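In this note's numbering, the protein residues as written are 9 to 600. A short write-up of the structure that comes next.
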């Protein structure tokens with residue numbers, strides 16, 4: 009009891025409150041440590057931000073330990089600073105090991121920086137994707153797949169080289185880097201179905217591609233919702249790119265380009281004759297490495313002088329402040345609110361240091377430095393809390409956000425910015441037109457259906473329906489990016505009372521140019537939506553009840569539909585009047 013009483017007395021009772029500041033300033037080593045603390049506290053979050061923070065804070069605590077040993081001669085101050093230095097060093101080594109463990113081969117670095125990083129995919133998520141794949145080399149003139157022989161048992165993405173696609177010996181198109189080799193084949197089969205390639209894929213040059221085994225990838229997609237949604241939009245957009253590229257090649261030199269849906273509508277009445285594969289323009293991307301070299305920590309040179317007499321224990325406030333520092337520094341990065349807790353505890357520790365320096369240390373420079381530390385951490389904490397604030401999304405827009413944007417990790421704040429400044433919710437009554445073929449310009453707007461149902465037709469012939477959470481005019485938006493001044497080639501009419509979210513095309517384009525992440529998300533969502541519309545052409549006579557009963561997974565009949573899509577586009581180039589003749593002869597098939 010006497011020992012505890014003596015310790016408590018040393019911690020509290022023997023430290024009178026300051027009445028005047030000390031005349032002398034702290035030593036140069038202390039101010040060097042404070043400069044390191046200021047720079048360290050300015051670090052951000054993420055793996056590399058934490059490496060930056062812990063490296064500089066560790067150096068700062070090491071300098072403070074040297075200062076406590078040489079100038080202050082305080083055992084408790086030296087001990088605390090050395091303990092905090094050790095904690096920072098251990099955290100630095102641990103995080104550096106984590107960063108090293110998610111470094112990849114050159115092919116994966118190219119793939120990440122060119123395709124996944126623009127979509128906001130984190131390194132841990134990409135590591136999960138990469139761990140289930142392998143890098144394969146394909147030599148020049150060797151085949152990746154042979155028509156009618158190679159089974160569809162994997163999904164591959166070209167990293168380097170060029171691959172030629174042919175059917176029955178006839179050239180169709182090339183596959184360039186960062187395009188899927190077999191996205192149509194993959195998307196055309198259920199997990200339980202089997203099939204073979206309907207085209208031949210041959211390497212024009214030495215190629216390298218990343219490949220996922222089919223069963224292994226299905227298991228990965230079942231376990232990770234975000235990765236599943238990511239692959240869904242990537243593959244859907246890739247298929248749309250291939251069809252648009254073929255459409256451009258077929259109709260080059262003509263007066264205008266057909267709506268991508270029309271040649272496929274023509275082909276729905278024909279016998280299957282050709283096979284579908286993929287094509288798309290080259291989308292070159294500069295490979296950017298994402299694993300910087302780690303900065304080495306330089307040891308502080310040993311000092312020649314040491315304290316002869318150690319001073320008394322410092323006030324309890326000093327020790328409580330260091331306890332808050334230690335707790336904040338050991339919080340694991342896996343904790344969801346890690347950065348908020350870290351900044352909060354550091355701010356509390358700095359505030360206690362200000363109290364200690366003002367009331368018991370009587371050191372003006374220590375008080376000023378820790379006030380600066382406190383201000384920096386409060387600013388960081390305020391920013392983190394602001395980012396975590398609940399963002400209210402309008403009730404009508406919640407379904408769109410949860411269905412389209414939230415699975416791709418678009419923040420509520422960014423979604424509200426997208427929908428709150430230059431768009432509006434509009435209404436169409438049953439029977440009113442959203443667009444009339446050959447009259448309505450495609451350059452004005454882009455819309456997503458919120459409520460109701462719309463019907464799309466061409467010259468009175470039903471093509472497909474549009475349901476909530478789908479883009480109304482995604483094919484037109486895509487064509488506007490390539491060809492200005494075109495008109496709708498289809499008529500879109502409200503089949504029920506409808507409400508839709510409508511953006512001004514020009515203002516949306518300007519906004520997306522300032523938000524690269526959202527631009528990539530929009531690009532892939534629109535590509536996926538176009539592919540869904542093309543799939544819906546498979547059987548335009550389905551009624552609403554049958555559509556609701558359809559399995560969302562694509563079946564073997566969809567593979568045939570994809571074959572028709574390519575076949576119809578190619579065959580339409582042989583006879584430009586084929587579409588009109590077909591429509592005149594099949595007026596009884598369907599109507600509005």
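Glycine residues also receive a C-beta, built at the ideal position from the N, C-alpha and C atoms. From a predicted model like this one, the values you see are computed outputs, not experimental measurements.
Name the DSSP bridge partner or partners of residue i?
{"i": "residue 39", "result": "According to DSSP, residue 39 bridges with nothing at all."}
{"i": "residue 456", "result": "479, 509"}
{"i": "residue 469", "result": "466"}
{"i": "residue 422", "result": "Partner(s): none; residue 422 has no beta bridge."}
{"i": "residue 209", "result": "153, 173"}
{"i": "residue 342", "result": "DSSP output for residue 342 lists no bridge partner at all."}
{"i": "residue 252", "result": "Looking at the DSSP assignment, residue 252 forms no beta bridge with any residue, so it has no partner."}
{"i": "residue 435", "result": "507"}
{"i": "residue 218", "result": "143, 165"}
{"i": "residue 243", "result": "None, per the DSSP bridge assignment."}
{"i": "residue 495", "result": "449"}
Answer with buried or exposed for residue i, where buried requires no fewer than 16 other C-beta atoms within 10 angstroms of its C-beta.
{"i": "residue 176", "result": "exposed"}
{"i": "residue 323", "result": "buried"}
{"i": "residue 442", "result": "buried"}
{"i": "residue 114", "result": "exposed"}
{"i": "residue 453", "result": "buried"}
{"i": "residue 284", "result": "In this predicted model, residue 284 has a pLDDT of only 37, less than 50, meaning its place in the structure is not dependable; the value taken from the coordinates is given anyway. Answer is buried; the Cβ neighbour count reaches 16."}
{"i": "residue 421", "result": "exposed"}
{"i": "residue 539", "result": "buried"}
{"i": "residue 148", "result": "exposed"}
{"i": "residue 263", "result": "Confidence at residue 263 is low in this model, with a pLDDT of 48, below 50, so the placement of that residue should be treated as unreliable; the coordinate-derived value is given next. That one is exposed."}
{"i": "residue 146", "result": "buried"}
{"i": "residue 179", "result": "exposed"}
{"i": "residue 446", "result": "exposed"}
{"i": "residue 397", "result": "exposed"}
{"i": "residue 206", "result": "buried"}
{"i": "residue 120", "result": "buried"}
{"i": "residue 344", "result": "exposed"}
{"i": "residue 52", "result": "exposed"}
{"i": "residue 185", "result": "buried"}
{"i": "residue 543", "result": "buried"}
{"i": "residue 173", "result": "buried"}
{"i": "residue 137", "result": "buried"}
{"i": "residue 462", "result": "buried"}
{"i": "residue 193", "result": "buried"}
{"i": "residue 545", "result": "buried"}
Could you pull the start and end residues of the alpha helix (DSSP H) that residue i belongs to?
{"i": "residue 347", "result": "346 to 364"}
{"i": "residue 376", "result": "372 to 396"}
{"i": "residue 231", "result": "222 to 231"}
{"i": "residue 327", "result": "324 to 338"}
{"i": "residue 534", "result": "524 to 544"}
{"i": "residue 408", "result": "403 to 408"}
{"i": "residue 164", "result": "Residue 164 -> not in any alpha helix (DSSP H); beta strand (DSSP E) instead, spanning 162 to 168."}
{"i": "residue 193", "result": "191 to 195"}
With a threshold of 8 Å (Cβ to nearest heavy atom), would residue i be considered close to the ligand PLP?
{"i": "residue 400", "result": "Only the bare structure without any ligand can be found here, which leaves the ligand PLP out of the picture."}
For residue i, report the span of its beta strand (DSSP E) as first-last.
{"i": "residue 178", "result": "178 to 183"}
{"i": "residue 187", "result": "Looking at the DSSP string, residue 187 is not in any beta strand (DSSP E), and its letter there is neither H nor E."}
{"i": "residue 499", "result": "499 to 502"}
{"i": "residue 321", "result": "From DSSP, residue 321 is part of no beta strand (DSSP E); its letter is neither H nor E."}
{"i": "residue 441", "result": "441 to 443"}
(message) Quick check: the stretch 184 to 193 against the stretch 222 to 236, are at least 3 beta-carbon pairs closer than 8 Å?
(response) Contact fails: fewer than three Cβ-Cβ distances are below 8 Å.
(request) Could you tell me whether the stretch 457 to 465 touches the stretch 513 to 524, where touching means 3 or more Cβ pairs closer than 8 Å? (result) The stretch 457 to 465, when compared against the stretch 513 to 524, does not touch it at the 8 Å Cβ threshold.
(request) Could you tell me which uninterrupted alpha helix (DSSP H) segments, each at least 4 residues in length, are contained entirely in the stretch 28 to 112, listed from first to last along the chain? (result) You should have 36 to 49, 54 to 75, 83 to 109.
(request) Pick out the complete beta strand (DSSP E) segments inside the stretch 108 to 154, 3 residues or longer, and give them in chain order. (result) Counting only runs of 3 or more, we get 141 to 146, 151 to 153.
(request) Report yes or no: do three or more beta-carbon pairs, one from the stretch 215 to 225 and one from the stretch 154 to 173, lie closer than 8 Å? (result) The stretch 215 to 225 is in contact with the stretch 154 to 173.
(message) Assess contact between the stretch 36 to 53 and the stretch 66 to 76, defined as three or more Cβ pairs (one per stretch) separated by less than 8 Å. Is contact present?
(response) With a cut-off of 8 Å, the stretch 66 to 76 and the stretch 36 to 53 count as touching, because enough Cβ pairs lie within range.
(request) Kindly confirm or deny that the stretch 206 to 218 and the stretch 145 to 164 touch, where touching means at least three C-beta pairs closer than 8 Å. (result) Touching, yes, given that three or more Cβ pairs across the two stretches are closer than 8 Å.
(request) Say whether the stretch 474 to 487 touches the stretch 530 to 542, bearing in mind that this needs 3 or more beta-carbon pairs closer than 8 Å, one atom from each stretch. (result) Under the Cβ criterion (8 Å, minimum of three pairs), the stretch 474 to 487 counts as touching the stretch 530 to 542.
(message) With a threshold of 8 Å, are at least 3 pairs of Cβ atoms found where one atom belongs to the stretch 394 to 409 and the other to the stretch 424 to 435?
(response) Under the Cβ criterion (8 Å, minimum of three pairs), the stretch 394 to 409 counts as touching the stretch 424 to 435.
(request) Decide yes or no for the touch test of the stretch 97 to 104 against the stretch 79 to 88: beta carbon pairs closer than 8 Å, at least 3 of them. (result) The stretch 97 to 104 is not in contact with the stretch 79 to 88.
(message) If contact is defined by three or more beta carbon pairs under 8 Å, each pair taking one atom from either stretch, is the stretch 354 to 369 in contact with the stretch 325 to 343?
(response) Contact between the stretch 325 to 343 and the stretch 354 to 369 is established, with three or more Cβ pairs separated by less than 8 Å.
(request) Report yes or no: do three or more beta-carbon pairs, one from the stretch 490 to 506 and one from the stretch 378 to 385, lie closer than 8 Å? (result) Note that the stretch 490 to 506 does not touch the stretch 378 to 385; fewer than 3 beta-carbon pairs, one per stretch, sit closer than 8 Å.
(message) With three or more C-beta pairs closer than 8 Å as the rule, is the stretch 54 to 73 touching the stretch 84 to 101?
(response) In this structure the stretch 84 to 101 lies against the stretch 54 to 73, because at least three pairs of beta carbons, one per stretch, are closer than 8 Å.
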